[in-house]
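Engineer: For the sequence shown, position 79 (counting from the first letter as 1) is numbered 118 according to my numbering, and the numbering increases by one without interruption.
Here's a structure for you.
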Amino acid sequence: MNIALWITAGLLAVGSLAGGAMLLIRPREKLATSGWAWVEDFGDGTVKAIGTLKVLAAVGLILPALLHIAPVLVPLAAVGWALLMIGAMITHLRRQEAQAIPVNLILLALSAFLAWGRFGPHPFTG
């Protein structure tokens, strides 16, 4: 189970880092025309804040456990990621973009699994 949790954390971290970096690097106007239409509903600052949260989530999903420094941050980052996915689903539902919801649900399920595993039966013990 520990290996499955590490793989889940790694997959979420890679996806989170890639998505967050994209939101931070590309201008909102270019994002809107390249498959990220939801950014039209938010200002530049909000889009950059979401990108920053995604990058911080990527760091929080891996580094605390890897460095053995406050490993409780891993399940907390997973909870934060789950909250981001709930927000993403609300945004997509409001925009009537039902095709994006399954991806958000999968990411929500993965983050919930990680939070459950690291808060519950398989915490980092040292």
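For every residue, glycine included, the Cβ atom is placed at its ideal position computed from N, Cα and C.
What did DSSP end up calling Pro110 once you bin it into helix, strand or coil?
Structural biologist: Residue state, collapsed to three classes: coil.
Engineer: For Met124, count neighbouring C-beta atoms within 10 Å of its own C-beta (all shown protein chains included) and say buried if the count is 16 or more, exposed if not.
Structural biologist: The residue in question, Met124, is buried, as its Cβ has 16 or more Cβ neighbours within 10 Å.
Engineer: If contacts are defined as beta-carbon pairs under 8 angstroms, then Ser55 and Ala88 qualify, I think. What distance do you get, rounded to the angstrom?
Structural biologist: That belief does not hold up - the Cβ atoms of Ser55 and Ala88 are roughly 14 angstroms apart, past 8 angstroms.
Engineer: By how many angstroms is the C-alpha of Ala121 removed from the C-alpha of Asp130?
Structural biologist: It should be noted that the sequence gives Thr, not Asp, for residue 130. So the alpha carbons of these two residues sit roughly 14 angstroms apart.
Engineer: Count the other CB atoms within 10 Å of the CB of Thr85; is the residue buried (16 or more) or exposed (fewer)?
Structural biologist: Result: exposed.
Engineer: Using 10 angstroms around the beta-carbon of Gly90, count the other beta-carbons present and answer buried if the total reaches 16, otherwise exposed.
Structural biologist: Looking at its Cβ environment, which holds 16 or more other Cβ atoms inside 10 Å, Gly90 is buried.
Engineer: Which residue's Cα is closest to the Cα of Ala116: Ala57, Asn41, Arg157?
Structural biologist: When only C-alpha atoms are compared, the closest one is Arg157.
Engineer: Please report the straight-line C-alpha distance between Arg67 and Leu112, rounded to a whole angstrom.
Structural biologist: Answer to the nearest angstrom: the Cα atoms are 30 angstroms apart.
Engineer: Helix or strand or just coil, what does DSSP make of Trp75?
Structural biologist: Residue state, collapsed to three classes: coil.
Engineer: Assuming Lys93 contacts Gly58 under a Cβ cut-off of 8 angstroms, what Cβ separation, rounded to an integer in Å, is found between them?
Structural biologist: About 5 angstroms separates the two Cβ atoms, so the contact holds.
Engineer: Does the distance from the C-beta atom of Ile101 to that of Ala52 stay below 7 angstroms?
Structural biologist: Yes; because the gap between Cβ atoms is below 7 angstroms, this pair is in contact.
Engineer: So, Val118 versus Ala148, is the Cβ gap smaller than 7 angstroms?
Structural biologist: Their beta carbons are not under 7 angstroms apart, which means Val118 does not touch Ala148 by this criterion.
Engineer: Would you report the Cα separation of Ala48 and Pro110, rounded to the nearest angstrom?
Structural biologist: Looking at the two C-alpha atoms, the distance is approximately 13 angstroms.
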